[in-house]
Amino acid sequence: MRNLDEHTITQAVLERFSNTPDPRLKEIIFSLVQHLHDFAREVRLTEEEWLEGIKFLTRAGHITDDKRQEFILISDTLGLSMLTVAMNNQKPDGCTEATVVGPFHVENAPHYNLGDDVGNGAIGAPCFVKGTIKGLGGEPVPGAHIEVWQSDEDGMYDVQKPDLDHSQGRGVLKADADGNYYFKSILAVAYPIPHDGPVGDMLVATKNHPWRPAHLHFMIKSPGYESLITHVFRHDDQYLDSDAVFGVRQSLITDWIQQPNGEYTLEFNFVLNPVPK
Ligand code: BEZ
Ligand code: FE
0 MRNLDEHTIT QAVLERFSNT PDPRLKEIIF SLVQHLHDFA REVRLTEEEW
50 LEGIKFLTRA GHITDDKRQE FILISDTLGL SMLTVAMNNQ KPDGCTEATV
100 VGPFHVENAP HYNLGDDVGN GAIGAPCFVK GTIKGLGGEP VPGAHIEVWQ
150 SDEDGMYDVQ KPDLDHSQGR GVLKADADGN YYFKSILAVA YPIPHDGPVG
200 DMLVATKNHP WRPAHLHFMI KSPGYESLIT HVFRHDDQYL DSDAVFGVRQ
250 SLITDWIQQP NGEYTLEFNF VLNPVPK
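Straight run, no breaks: the sequence shown in numbering that gives the first Met the number 0 ends on number 276.
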């Protein structure tokens with residue numbers, strides 16, 4: 000295998016991977032190599048441009064740690080996260096739609112009782128959240144496991160605050176015997192995704208903004224149903240049509256209503272897709 004040129008190198012690389020025993024891994028590597036090579040040929044990638052790409056990925060690696068995930072941001076802002084969600088979460092009409100998980104979900108969030116304040120000291124206007132968890136047939140899903148997480152009024156998640164030693168604006172709840180859930184928190188606001196790294200530079204270079212419309216994240220699980228990762232969006236947000244990560248679905252937008260006492264209320268009823276028996 001010598002004297003490879005731009006037309007013969009792709010086949011040579013594919014042959015190098017042809018003994019991959021796992022058929023799915025082989026399929027993915029083959030397709031990735033083919034598309035990467037086709038991309039480089041199509042745009043006539045120069046060596047300087049290729050090096051810029053390597054530097055971009057190197058910066059993404061350097062800025063990533065267990066609190067900051069630049070690679071998820073790359074995937075999100077290129078629409079790859081939402082494409083993967085869309086392909087893998089096709090559900091019957093009537094089920095709540097899924098959207099991106101984002102980089103701010105954490106394992107082992109604190110557990111709360113229904114009615115508790117998951118804000119736990121986060122700054123923001125009070126907001127009472129309630130609704131139901133039902134299956135597609137209308138049956139309540141008693142005891143469903145519900146995780147919620149959100150930013151504070153400055154658009155910051157607890158994990159973005161190095162000096163904070165406890166969780167704020169996130170928690171795990173259990174639906175009651177009738178599938179009801181309710182908790183106190185704070186009003187979600189629009190916030191920019193982290194944009195002080197290479198993804199931010201990419202957004203500037205392409206004349207795009209980093210903002211996400213106000214939302215509250217939910218992850219809902221119960222045996223017998225497909226797990227659901229989604230958000231509820233605030234109806235009056237200016238970024239609903241230009242979400243930096245392409246995550247908005249019309250069915251997930253709901254009214255967040257300001258009550259006469261200044262507090263907000265929000266109701267959202269979730270419908271889970273049963274796992275086929
Ligand atoms: C989020 O909603 O938490 C999020 C999603 C994608 C990128 C950054 C943040
Ligand atoms: Fe978020």
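C-beta: ideal position from N, C-alpha, C; glycine also.
Between the CA atoms of residue j and residue i - distance to the nearest angstrom
i, j, result
"residue 12", "residue 86", "29 Å"
"residue 128", "residue 118", "12 Å"
"residue 237", "residue 181", "27 Å"
"residue 264", "residue 101", "24 Å"
"residue 91", "residue 274", "12 Å"
"residue 57", "residue 194", "16 Å"
"residue 79", "residue 255", "29 Å"
"residue 122", "residue 187", "10 Å"
"residue 111", "residue 176", "16 Å"
"residue 23", "residue 261", "54 Å"
"residue 202", "residue 142", "42 Å"
"residue 21", "residue 10", "20 Å"
"residue 65", "residue 161", "12 Å"
"residue 257", "residue 124", "10 Å"
"residue 28", "residue 38", "15 Å"
"residue 113", "residue 199", "38 Å"
"residue 144", "residue 222", "10 Å"
"residue 5", "residue 51", "21 Å"
"residue 43", "residue 35", "12 Å"
"residue 3", "residue 68", "37 Å"
Buried versus exposed, by CB contacts within 10 Å (16 or more), residue i
i, result
"residue 133", "buried"
"residue 250", "exposed"
"residue 138", "exposed"
"residue 259", "exposed"
"residue 149", "buried"
"residue 49", "exposed"
"residue 30", "exposed"
"residue 81", "buried"
"residue 211", "buried"
Sub-8 Å separation of residue i and residue j beta-carbons
i, j, result
"residue 140", "residue 178", "yes"
"residue 277", "residue 185", "The structure shown does not extend to residue 277, since the chain is modelled only from 0 to 276, so the question has no answer here."
"residue 220", "residue 115", "no"
"residue 190", "residue 154", "yes"
"residue 227", "residue 163", "no"
"residue 108", "residue 166", "yes"
"residue 208", "residue 241", "yes"
"residue 246", "residue 147", "no"
"residue 196", "residue 59", "yes"
"residue 252", "residue 269", "no"
"residue 130", "residue 267", "yes"
"residue 77", "residue 192", "no"
Nearest neighbour of residue i, chosen from the options [CA to CA]
i, options, result
"residue 105", "232, 94 and 156", "156"
"residue 83", "266, 4 and 244", "244"
"residue 63", "159, 239, 170 and 224", "159"
"residue 229", "42, 88 and 65", "88"
"residue 33", "15, 50 and 46", "15"
"residue 172", "210, 4 and 218", "218"
"residue 40", "25, 8 and 276", "8"
"residue 224", "95, 47 and 120", "95"
"residue 170", "204, 210, 205 and 120", "120"
"residue 204", "55, 74 and 126", "55"
"residue 75", "18, 61 and 103", "103"
Any chain B beta carbon closer than 8 Å to residue i
i, result
"residue 81", "Going by chain labels, chain B is absent from the structure shown, which holds only one protein chain."
Cβ-heavy atom distance, residue i to the ligand PLP, below 7 Å
i, result
"residue 102", "Looking at this structure, you won't find the ligand PLP anywhere; what it does contain is the ligand BEZ and the ligand FE."
Only counting runs of 3 or more residues, tell me where the beta strand (DSSP E) segments fall wholly within the segment 76-153, in order along the chain.
125-134 and 144-148
Minimum length 4: unbroken alpha helix (DSSP H) runs contained in the segment 15-57
22-42
Which ranges would you report for the alpha helix (DSSP H) in the segment 217-242 if only whole runs of at least 4 residues count?
none
Quick check for students: name the residue ranges of the alpha helix (DSSP H) that lie wholly in the segment 143-207, counting only runs of 4 or more.
197-204
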